[in-house]
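*Asks:* Going down the list, the protein sequences come from chains R and W.
So in my numbering, spot 97 of the first sequence is number 86, and the numbers just go up one at a time.
So in my numbering, spot 92 of the second sequence is number 81, and the numbers just go up one at a time.
Dropping the structure in here first, questions after.
There are 2 protein chains.
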Amino acid sequence: MAHGLATSVTLSLPAWLIEELPDLPDALATPEEQMALVHRLADRNWREGGGGPFAAIVVDAVTGELVSVGVNVVLGTGISAGHAEVMALALAQTRLGTWDLGEERELALVVNWRPCVQCYGATLWSGVRRLVVAGEGPELERLTRFDEGPVVADWAEQFEARGIAVTSDVLREEALAVYRAYGESSATVYNARGTGPIEAHP
Amino acid sequence: MAHGLATSVTLSLPAWLIEELPDLPDALATPEEQMALVHRLADRNWREGGGGPFAAIVVDAVTGELVSVGVNVVLGTGISAGHAEVMALALAQTRLGTWDLGEERELALVVNWRPCVQCYGATLWSGVRRLVVAGEGPELERLTRFDEGPVVADWAEQFEARGIAVTSDVLREEALAVYRAYGESSATVYNARGTGPIEAHP
């Protein structure tokens, strides 16, 4: 007889962010305003120690309504899937009561870099209609030493083929500034399986 | 001021599986015994209506100890990330209290097909040392009409480069039998963003 098997997992936002939620605006009109919030939360997140320098939000692309807010919670929760994108998407689905975020509205996921391979898939299956990223390319891995995993070269086309529009380079330099500050700090970069430069993404 | 933003997400196993947990063996000695349990749970899962025909377990590769059990809970929870692999990995991390499942033991994820792109990444970041799959290839998508997403061609080598050993073709025909039964049923295959044969993976 198997004893002690877990039956549920709970992923919570960190206390500092829950405290801040009532002060966030109901809506953020432009992608730049949306990304500025993402960058601010990403920067605070690693400084608070709960996870890596990553944040994501789900917004209504038409009205700018803020639907959910997520940050990377891997260190705080001990759950490796707790990346910012998974948190923002799951919190939006919790709030709206559906696994399909594109069912009724033009919802967008706004995140501070091209998602890692796990969150690439999580975005695909979430039903969102848009993905807005601050940038893409090797700078994230170089500055932070996080492994993003192998993503197909035509990743943006694969999104578009599934009805998900991709916008890149929204406040790109500001994203790099967050990663640079993180990389120059003494913050934990989680160890990898295996050796060499490959390290587990938080 | 933003009101009504969700602050946590809970992913629970379905009631029928929670009820069955005390009757599961403490350990499953061989990959075949482990996969037989996965197939049985996957087949029951879609018939119970909580998600697709997918199950996964985390076991100690040395002792066979059963560490966690997961099934696809997308329909039951409304959370699109709730695939069997994410559930099994997160439940193991919950039980063991660490995001790194390879830290102290040779833990393996056992699942009834090559993971979709989201769960490919979730496996990479979980710290497990081994992945055991019933099979790989287009049969899953053809029989069930689920989209698995774009995964790199050298996916197994990418796992190995990160210290995760891959074993395939464990009770492969039995996996196909589950997918065939599912595909021939009237069970829900979730609609896609976009058109054509691409459909969201549960």
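All C-beta atoms in this analysis are idealised placements derived from N, C-alpha and C, irrespective of residue type, glycine included.
Here the structure is a predicted model, which means the values were calculated and not measured.
What does VAL(-5) of chain W reach in chain R if we use C-beta pairs closer than 8 Å?
*Replies:* Note on residue identity: the sequence assigns Ala, not Val, to residue -5 of chain W. Ordered by position in chain R, the residues that pass the 8 Å Cβ test against ALA(-5) of chain W are SER57, LEU80, ALA81, THR83, ARG84.
*Asks:* Please report the residue range of the beta strand (DSSP E) in which GLY59 of chain R lies.
*Replies:* Segment 55 to 60, the beta strand (DSSP E) holding GLY59 of chain R.
*Asks:* Just the Cα atoms here: how many angstroms apart are ALA4 of chain R and ALA79 of chain W?
*Replies:* ALA4 of chain R and ALA79 of chain W: Cα-Cα distance of roughly 21 Å.
*Asks:* If the criterion is Cβ atoms closer than 9 Å, does the pair LEU165 of chain R and LEU132 of chain R meet it?
*Replies:* Yes. Within cutoff.
*Asks:* For ALA(-5) of chain W and LEU17 of chain R, I'd like the C-alpha separation in whole angstroms.
*Replies:* Cα to Cα, ALA(-5) of chain W sits roughly 18 Å from LEU17 of chain R.
*Asks:* Rounding to the nearest angstrom, what Cα-Cα distance links ALA201 of chain R and GLY124 of chain R in this structure?
*Replies:* A question about residue 201 of chain R goes unanswered here, because the residues of chain R that appear run from -10 up to 191.
*Asks:* Looking at the C-beta of ARG33 of chain R, does it have a partner C-beta in chain W at a distance below 9 Å?
*Replies:* By this cut-off, ARG33 of chain R is not an interface position.
*Asks:* Quick one: measure Cβ to Cβ for VAL159 of chain R and PRO20 of chain R, integer angstroms, because I've assumed they're closer than 8 Å.
*Replies:* VAL159 of chain R to PRO20 of chain R, Cβ: 5 Å. Contact.
*Asks:* Of the residues that make up the segment 12 to 38 of chain R, which ones have a beta carbon closer than 8 Å to any beta carbon in chain W?
*Replies:* Residues ASP12, LEU13, PRO14, ASP15.
*Asks:* Quick one: does ALA196 of chain W have its CB under 9 Å from some CB of chain R?
*Replies:* Within the shown structure, residues of chain W are numbered from -10 to 191, placing residue 196 of chain W beyond reach of any answer.
*Asks:* Taking C-beta pairs closer than 7 Å, name the residues in chain W that VAL75 of chain R reaches, listed in chain order.
*Replies:* Near VAL75 of chain R (Cβ distances below 7 Å), the residues of chain W are ALA70.
*Asks:* Whole angstroms is fine: what's the gap from GLU8 of chain W's alpha carbon to SER1 of chain R's?
*Replies:* Going by the C-alpha atoms only, they are around 26 Å apart.
*Asks:* What are the start and end residues of each continuous alpha helix (DSSP H) run of 4 or more residues lying completely inside the segment 74 to 115 of chain R, in chain order?
*Replies:* As far as the segment 74 to 115 of chain R is concerned, its whole alpha helix (DSSP H) runs of at least 4 residues are 106 to 115.
*Asks:* Can you list, in chain order, the residues of its chain whose CB lies under 7 Å from that of SER192 of chain W, leaving out five sequence neighbours each side?
*Replies:* Absent from the model: residue 192 of chain W. The displayed extent of chain W is -10 to 191, so no value can be given.
*Asks:* Tell me, to the nearest whole angstrom, how far the beta carbon of VAL167 of chain W is from that of ALA31 of chain W; I am working on the premise that it is less than 8 Å.
*Replies:* Their Cβ separation, rounded to whole angstroms, is 5 Å, which keeps VAL167 of chain W and ALA31 of chain W in contact under 8 Å.
*Asks:* Roughly how many angstroms lie between the CA atoms of PRO11 of chain W and LEU26 of chain W, to the nearest whole one?
*Replies:* Computed Cα separation, rounded: 14 Å.
*Asks:* Taking 9 Å as the cut-off, decide whether the C-beta atoms of TRP144 of chain R and ALA70 of chain W are in contact.
*Replies:* Not closer than 9 Å, so no.
*Asks:* In chain order, which continuous runs of the alpha helix (DSSP H) of length 4 or greater are located wholly inside the segment 149 to 181 of chain W?
*Replies:* You should have 161 to 172.
*Asks:* In angstroms with no decimal places, state the Cα-to-Cα distance between PHE43 of chain R and PHE135 of chain R.
*Replies:* Going from the Cα of PHE43 of chain R to the Cα of PHE135 of chain R covers about 11 Å.
*Asks:* Could you tell me the alpha carbon to alpha carbon distance between GLU130 of chain R and GLY91 of chain W, rounded to whole angstroms?
*Replies:* Their backbone Cα atoms lie some 23 Å apart in a straight line.
*Asks:* Using a Cβ-Cβ cut-off of 9 Å, state whether LEU129 of chain R counts as contacting chain W.
*Replies:* Not one chain W Cβ lies under 9 Å of LEU129 of chain R.
*Asks:* With a threshold of 6 Å on Cβ separation, who are the neighbours of GLY172 of chain R within its own chain once the five nearest residues in sequence on each side are excluded?
*Replies:* Hits under 6 Å: LEU132, THR133.
*Asks:* Does any residue of chain W bring its CB to less than 9 Å from the CB of THR133 of chain R?
*Replies:* No, THR133 of chain R lies away from the interface with chain W (no Cβ there is under 9 Å from its Cβ).
*Asks:* Since I believe VAL100 of chain W is in contact with GLU137 of chain W (beta carbons under 8 Å), could you give me their beta-carbon distance rounded to a whole number of angstroms?
*Replies:* Going by Cβ atoms, the distance from GLU137 of chain W to VAL100 of chain W rounds to 12 Å, so no, they are not a contact pair.
*Asks:* Could you give the distance in angstroms between the alpha-carbon of MET24 of chain R and the alpha-carbon of GLU54 of chain W?
*Replies:* Roughly 45 Å separates the two Cα atoms.
*Asks:* Pick out whichever of W:VAL60, W:TYR109, W:GLU163 has its Cα sitting closest to the Cα of ILE153 of chain W.
*Replies:* The shortest Cα separation from ILE153 of chain W among W:VAL60, W:TYR109, W:GLU163 belongs to W:TYR109.
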